[in-house]
Structures are given as C-alpha cells and as structure tokens.
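In mature numbering (1 follows the signal peptide of the UniProt record, and there is no 0), the protein residues as written are -27 to -1, 1 to 341.
Note that CB positions come from ideal geometry on N, CA and C, so glycine has one too.
Report on one structure; see the data block that follows.
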C-alpha cells in the first residue's frame, strides 16, 4: 500500500525544503522541485541483517514484518518545453551506497556541471532522483537493521506505481512509462525488486550502472567504517550499523588525470551513510529474475570494483552472455562497457559518454 500527501500539501512541503529552481543547459531550461513523499511499506525482511540474499531465499521463520510509513525525499525535474516524451516517460533514479540524490545532479559548476538530470532535460526527459530510506533527507530508522534491500526495493516499486497512477504535482499528469536507473547499490536495489516481483514489476525498463554479478573474488573490496566513528559531530548518535566509506578513491579510475582532484574532495565532504545490511547483501544480484521488461547494464572499463585487474570487462560479448543468464525472460538485454570511465560513471571527465548511453537506452525502451 502506498500513502501520499495531498497534492497541495506535497507542493507546500517541496517549497519548505527547497524552492523550485531552474536548471539551464545548452539553451534548454528544466524546472525542478524538491518533494517529501510519505510511502507506506508492508514488507518481510530478514531477522538477520547479514542475510546475503536479503531474505529472497529465506523461509518464513527467518523473516520479520516491517509495516511502516517513511518520508522519502526526492528531486523531480521536467523540461519546461513540454513534449509527449517529457510527459509520458519518467526516469526514477536510485543512487549508490553512501551517496544521495545529489549523485545525479551535483550542486556546483566546478565539475563541468556533470548533472545527469540536466542532461536528460536537454534531451526532453523527466527525472525523479530520490534518497534511499536511511539516507540523506529521507527518513532514517533508528535501527539500521530496518534498512535492507527489501525495504528500499518496496519503496521504489511503490513510487513507480504511484508515478503511473497519480499526479506527483498538481500540474504534472501521471506518466505512462517508468524507467528505473540505478547506480551501484541502487542497481542492486532495482535488481532485488525485479527478482521479488518478476513480471509484476511496475518498471518498463531497467538501466543498471556500476553493477555486475557479484561472485566470490570478483568484487574488489572497499573500506567501510561505522559512521559515528568516522564523523562523530555529524553521525555520533547513529546506530553503529550505519556505516560510511573511509576512502572513496576506489570509485574513480586509477589514472588521476581522469577526474578532477577537487571532485574527490567534494565527494568525501558530501558522502552519506548506508547500512551494514546493504553492504553485506549486495551478492543477491547473483540470483535469477523473471523480470520481463528491458534491461541494460553499463559499467566503466576503469571500474576498480568490477573491471580493473579482473579481466571481466575486456570481452563485452562474453560479459553480456554471462550476465544475461540471470535475466532469461527480459524483453531485451545489453551490456555496455564505457571506455575510460570509473565506477562512479557520473563523476569523472568522461561522464557525458555514459549520459548519452543512458538516454539512448531510455528512448529505445520507450519507443521515443
């Protein structure tokens, strides 16, 4: 069940959090509004938050019920020049582990304004970038064990259904198609939803970035630390199972000339938290799904988590065949290896290549 505020109240809250703004790029303007959306979830999650498959392979006695309403923060952007593409299609954007919605639109000009939401607006596409539950400006449960993939997958699926059924703002009509785009942990989140819902999924297509099947020894590790130990002034009161990263350089290409050194500083300064559960459950994407929509995966050739030193990304045909096995009923399936890009495809000097790839897939999946 999904519960939303009335249209008038939602709009009032959007002004309370962040006044609507205008993004201008390449001569096109994009109207953006911040929203706080109450979402009611009633879902079964593992009693053991370290369950590597997030409850997907658990029996009933190993699960507990989570029946709660969360406030989900999001930024909705739509081209001001209205077209069928901008009013019929929306991209629901899910950030990665320890990021927020800002991953999709950095609030600075310093880094060549690498904003995917702005880029999408230039191409006539609408977006809704959200903060996961437990992250950013969305509700943060007292117990980090409530923040699992099952929880946030239920949230994004409910949001996708709502986007098709009801106006997100008074002047915005329901959308006909919703494409989910995830990054890293956000891709695992969308993958979880596809496994759990299969052909009943509300998403018409999925673009999973910075994510490949996680096999033993295939994912290069990166360091985490309890958030309250990392930054006591900011996170000192949090459950110790809320964690963050102690070094973010692994998210960038090995060649330091591939990204701005200020970006790495900015990234560390604006990092957020994730739960131990969403770190330990990432391997759930090794399970088969019966999802029937379109699927694409986009990974950087210089991704230090999946590609560098593994040889996995050298042969795209072989990689596609290996990844395709777990999506046997997908309407279409493709893997793209973005040359020179790192794990955070949006944050290095080559971001516009992946941006073009994302948009091309959205247009292909929706017929525009």
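- Query: What is the DSSP secondary structure of residue 97, reduced to helix, strand or coil?
  - Reply: Coil.
- Query: Residues in its own chain within less than 8 Å of residue 257 by CB, not counting five upstream and five downstream?
  - Reply: 25, 26, 27, 29, 122, 161, 164, 165 and 168
- Message: I'd like to know whether the C-beta atoms of residue 77 and residue 65 end up nearer to each other than 7 Å.
- Response: no
- Message: Can you check which of these residues, 17, 34 and 326, is closest to residue 40 by C-alpha distance?
- Response: 17
- Item | Segment limits, alpha helix (DSSP H) that includes residue 342 | Outside the modelled stretch of the chain, which goes from -27 to 341, sits residue 342, for which no answer is possible.
- Query: Where are the alpha helix (DSSP H) runs, 4 residues long or more, that stay fully inside the stretch 257 to 290, in chain order?
  - Reply: none
- Message: So for residue 58, helix, strand or coil by DSSP?
- Response: DSSP places residue 58 in helix when its eight states are reduced to three.
- Task: Can you say whether residue 302 is buried or exposed, counting buried as having 16 or more other CB atoms within 10 angstroms of its CB?
- Result: exposed
- Query: Any idea which residues DSSP pairs residue 217 with across the strands?
  - Reply: 198
- Decide if the stretch 172 to 180 is in contact with the stretch 90 to 102; the criterion is three or more beta carbon pairs, one per stretch, under 8 Å apart. no
- Task: Could you tell me if residue 270 is buried or exposed, where buried requires 16 or more neighbouring beta carbons within 10 angstroms of its beta carbon?
- Result: buried
- C-alpha distance - residue 335 paired with residue 230, whole-angstrom precision: 30 Å
- Closest residue to residue 68 among 245, 32 and 2 (Cα-Cα distance): When each option's Cα is compared against that of residue 68, the closest is 245.
- Item | Counted within 10 angstroms of its Cβ, other Cβ atoms place residue 184 as buried (16 or more) or exposed | Residue 184 should be labelled buried.
- Message: So, with DSSP's three-state summary, where would you put residue 31?
- Response: coil
- Query: Are the Cβ atoms of residue 14 and residue 128 separated by less than 7 Å?
  - Reply: Yes, these two residues count as a Cβ contact at 7 Å.
- For residue 208, I'd like the list of residues in its chain whose CB is within less than 8 Å of its CB, leaving aside the five on either flank, ordered along the chain. 200, 201, 215, 217 and 246
- Item | Distance CB(residue 236)-CB(residue 318) smaller than 7 Å | no
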